[in-house]
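Sequential numbering from 2 applies to the sequence shown in this note's numbering. Glycine included, C-beta positions come from ideal geometry on N, C-alpha and C. Bear in mind the structure is a predicted one, so any value in this text is a computation, not a measurement. The structure appears below as structure tokens.
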Amino acid sequence: MYHRTETRPVRVGDLTIGGNDQVIIQSMTTTKTEDVEATVAEIHRLEEAGCQIVRVACPNMRAAEAIPEIKKRIHIPLVADIHFDYRLALKAIEGGVDKIRINPGNIGKRERVEAVVRAAKEKGIPIRIGVNAGSLEKRILDKYGYPTADGMVESALFHIGILEELDFHDIVVSLKASHVPLAIEAYEKAAEAFNYPLHLGITESGTLFSGTVKSAAGLGAILSRGIGSTIRISLSADPVEEVKVARELLKSFGLVSNAATLVSCPTCGRIEIDLIKVANEVEEYIANLQVPLKVSVLGCAVNGPGEAREADIGIAGGRGEGLLFRHGKIIRKVPEETMVEELKKEIDKMAEEYAQK
Ligand code: SF4
């Protein structure tokens with residue numbers, strides 16, 4: 002099996018997908034792409050949340066024609082999502098996209114495929130092949146009877162074969178399914194079948210709550226096996242939420258080096274403070290921190306020193322006051338009313354210390 006560090010490195014703008022232990026976070030805009038103002042505004046919100054590559058839908062020529070203006074006004078690599086129409090792919094490539102998502106087997110005539118591949122080669126941009134369990138080729142469905150992991154990998158190999166025949170190798174592949182066990186099996190089989198980097202996703206996973214659980218279950222299993230070089234969480238929600246979920250998921254595998262994490266207790270009868278409120282406030286405060294700080298918020302001092310030892314900075318609630326910890330050692334007592342403010346000040350101090358290292 003090809004671990005993500007062993008996959009082929011593929012350049013996308015100033016980033017590299019594959020060939021390293023990083024997993025790049027992607028999302029997709031929900032605006033009409035030709036509405037440049039709205040699309041750029043959404044991309045800026047995504048960038049701020051930690052999105053590293055953004056994809057826009059290109060269902061028509063007006064969308065493809067908007068690419069140059071969008072590209073000028075954003076800071077992360079831009080991907081154009083195209084189905085079937087090679088002219089849209091050519092327009093998007095000409096407009097400066099950093100990657101296209103298109104399945105070469107769906108483009109049609111050979112010369113059309115060649116035109117797209119030639120254009121991508123000239124600009125040095127990769128192509129993502131997006132296999133979806135819900136839209137497998139008829140002959141594959143006929144062969145397997147229903148969408149299977151083997152069928153999905155066979156479909157990926159079919160599209161890969163077309164690109165390789167044209168001596169094109171800057172390929173990223175996704176094998177999305179909304180059925181979690183099927184997605185896990187497909188990605189495992191793909192990681193054995195070829196060394197192109199894999200773009201992970203559970204498609205149509207659902208709303209913010211159910212989709213987060215489903216995506217974390219499926220993608221967590223895949224990530225834990227060392228598979229996947231880029232990820233998109235698909236939610237029926239604001240795409241900023243997709244980025245937040247992706248970041249949190251990657252953090253739990255130690256795959257984000259520049260993000261702070263929160264450890265907070267589940268609360269119990271010993272609780273002395275309004276921990277849920279404090280934990281939410283602190284979580285929001287550290288959400289955009291670009292340093293690997295571990296912050297802990299505990300409801301009481303019973304397990305405080307022990308549990309906070311693992312954290313860089315933390316607080317344990319007491320009756321009317323809190324204990325501030327730094328690397329497991331109490332640094333001072335603070336009144337409950339100013340506890341969160343004091344913790345935030347310490348977080349800022351530590352973040353600055355990290356930044357200066
Ligand atoms: Fe209970 Fe205290 Fe542990 Fe929180 S830290 S779960 S309040 S014992």
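DSSP places Val257 in the coil class of the three-state scheme, outside both helix and strand. Contact between Asp22 and Thr8 does not hold, since their C-beta atoms are separated by about 11 Å, which reaches or exceeds 8 Å. Beta-bridge annotation (DSSP): Asp82 is paired with Ala58, Arg102. Every residue with a CB closer than 6 Å to a heavy atom of ligand 1 is listed here in chain order: Cys266, Pro267, Thr268, Cys269, Arg271, Ile272, Leu299, Gly300, Cys301, Val303, Asn304. Contact between Glu155 and Ile141 holds: CB atoms are separated by about 6 Å, below the 8 Å threshold. When DSSP states are grouped into helix, strand and coil, Val24 belongs to the coil group.
Judged by beta-carbon spacing, Gly202 lies within the 9 Å limit of Ser235, meaning their Cβ atoms are closer than that value.
With contacts defined as CB atoms closer than 9 Å, Asp313 and Leu299 fail to qualify as a contacting pair. When DSSP reads this structure, His200 sits in a beta bridge with Ser175, Thr231.
In the structure shown, Phe159 adopts helical secondary structure according to DSSP, grouped into three states. With 16 or more neighbouring CB atoms inside 10 Å of its own CB, Pro127 falls in the buried class. Rounded to whole angstroms, the Cβ separation of Ile54 and Val80 is 6 Å, and the two are in contact under 8 Å. Ser211 is classed as exposed because its beta carbon has fewer than 16 other beta carbons within 10 Å across all chains shown. At least 9 Å separates the beta-carbon of Val41 from that of Arg88. Its chain contains Glu322, Gly323, Leu325, Glu343 as the residues whose beta carbon lies nearer than 7 Å to that of Val335, once the 5 sequence neighbours on both sides are disregarded; these appear in chain order. In the structure shown, Ile314 adopts extended strand secondary structure according to DSSP, grouped into three states. The shortest C-alpha to C-alpha distance from Lys330 to any of Ile316, Val341, Glu337 is the one to Ile316. Beta-carbon to beta-carbon, Gly51 and Val244 are separated by about 5 Å, close enough to satisfy the 8 Å threshold. Comparing alpha-carbon positions, the option among Ala187, Ala261, Ser175 lying closest to Ser230 turns out to be Ser175.
For the set Glu38, His84, Glu48, the Cα lying nearest the Cα of Ile71 is the one of Glu38. Straight-line spacing of the CA atoms in Tyr197 and Ile161 works out to 9 Å. Boundaries cannot be given for Phe169, as no beta strand (DSSP E) includes it and DSSP labels it neither H nor E. Fewer than three Cβ pairs drawn from the segment 252-265 and the segment 57-65 lie within less than 8 Å of each other, which leaves the two stretches out of contact. Non-local beta-carbon contacts of Val117 in its own chain, meaning distances under 6 Å to residues more than five positions away in sequence, involve Tyr87, Ala90 in chain order. As the crow flies, the alpha-carbon of Ala120 is around 31 Å from that of Arg46. Each of Pro148, Phe169, Lys144, Asp82 was checked against the Cα of Val114, and the nearest Cα belongs to Phe169. Secondary structure of Asn289 (DSSP, three-state): coil.
By the Cβ-count criterion, Glu353 is exposed, with fewer than 16 other Cβ atoms from all chains shown falling within 10 Å of its own Cβ. DSSP places Glu322 in the strand class (E or B) of the three-state scheme.
When Ile272, Ile26, Thr213, Ala356 are compared, the shortest CA-CA separation from Ile77 is found for Ile26. The C-beta distance from Ala191 to Leu183 rounds to 12 Å, too long to fall under 8 Å, and the pair is not in contact. Excluding sequence positions up to five before and after Val13, its CB lies within less than 7 Å of the CB of Ile54, Pro78, Asp99, Lys100, Pro127, all in the same chain and listed in chain order.
Residue burial annotation: Asn104 is buried, with at least 16 other C-beta atoms found within 10 angstroms of its C-beta. Under the three-state reduction of DSSP output, Arg333 falls in the strand class.
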